[in-house]
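Numbering (our numbering), first residue to last: 12 to 314. Let me begin by presenting the structure, written as structure tokens, before commenting on it.
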């Protein structure tokens, strides 16, 4: 069973990915937050996160988001210059800024641009590509209409999050729609969406989807319960991962405000008691933050 850790901008950076890999593991591939074009250039901040040195020893997949063939080609060029031969295309991001630019799930409304990307993929036989997508932006018909093009791409798999882009993360992931796409897709398919208990999800999706089903991609569920895939106690996982993220933050970031912004992100999705989380998130100095973390019942005071 293939297991991937889905990316989330501002949360699953190289430090967090390494912390999870070293403290828990159980993930076959960690996907980076998408690399994008910003102000006409490939964003340097994104390339710092995909720097191979920062990801050495961690099974990492850089993800790109593009509005068409030209952007996709430039992003692939930048990543290949770093030495990557494995790239994922995001056709599922539902955030309005990206959708309005025709990226993410907005790309599903432009089959001609998806064809441009398909041609760019075919020009790069040395790269292993995959795609992450939604049912569509406004309707399921958009995703189904794109499937013949996606089927013509040289992909190792397609990850489907069975919601529409306009839903963002509201409502419930549509597993019946996932099965319809699974039937229409000629590639191995990975399921993503509302996964919070790995064993139950494995059995359900294996039984429903059959032989072409490759595995699961988990995002918010793993941010909430990073211990999900391992055999360590939750308290130990949180303690060990936090120690890595905390050390990096205090060594590389300037001032309490910047440092706390990164540290608060570690806890934002974490499945911990509300009262303790509120105290951590309200801390405005590192001293108060350390006191709030030390008071968290599920963590040793030394953290």
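All residues carry an ideal CB built from backbone N, CA and C; glycine is no exception.
Since residue i sits in a beta bridge, which residues does DSSP pair it with?
| i | result |
| --- | --- |
| residue 147 | 175 |
| residue 139 | 97 |
| residue 169 | 142, 200 |
| residue 209 | For residue 209, which the question treats as bridged, DSSP gives no partner whatsoever. |
| residue 16 | 41, 229 |
| residue 102 | 144 |
Please tell me whether residue i and residue j are closer than 8 Å, where the distance is taken between their beta carbons.
| i | j | result |
| --- | --- | --- |
| residue 115 | residue 76 | yes |
| residue 73 | residue 43 | yes |
| residue 48 | residue 80 | no |
| residue 164 | residue 140 | yes |
| residue 69 | residue 29 | yes |
| residue 226 | residue 203 | no |
Among the options, which has the Cα closest to the Cα of residue i?
| i | options | result |
| --- | --- | --- |
| residue 194 | 210, 221, 181, 180 | 221 |
| residue 281 | 248, 58, 216 | 248 |
| residue 46 | 65, 99, 81, 28 | 99 |
| residue 210 | 26, 232, 17, 286 | 232 |
| residue 52 | 279, 85, 226 | 85 |
| residue 38 | 16, 173, 122 | 16 |
| residue 2 | 174, 264, 279 | Because the chain here runs from 12 to 314, residue 2 falls outside it and cannot be looked at. |
| residue 242 | 36, 25, 13 | 36 |
| residue 56 | 68, 21, 31 | 21 |
| residue 147 | 160, 245, 174, 260 | 174 |
| residue 278 | 106, 111, 256 | 256 |
| residue 23 | 93, 294, 299, 252 | 252 |
| residue 169 | 105, 192, 291 | 192 |
| residue 160 | 126, 236, 138 | 126 |
From what residue to what residue does the alpha helix (DSSP H) around residue i run?
| i | result |
| --- | --- |
| residue 305 | 297-305 |
| residue 181 | Neither: residue 181 is in no alpha helix (DSSP H) and is coded neither H nor E. |
| residue 193 | 186-195 |
| residue 124 | 122-133 |
| residue 107 | 107-111 |
| residue 294 | Taken as a continuous stretch (DSSP letters only), residue 294 belongs to no alpha helix (DSSP H), as it is neither H nor E. |
Minimum length 3: unbroken beta strand (DSSP E) runs contained in the stretch 214-271 = 224-229
For the stretch 19-78, list the beta strand (DSSP E) runs that are entirely contained and at least 3 residues long, ordered along the chain.
-> 40-42
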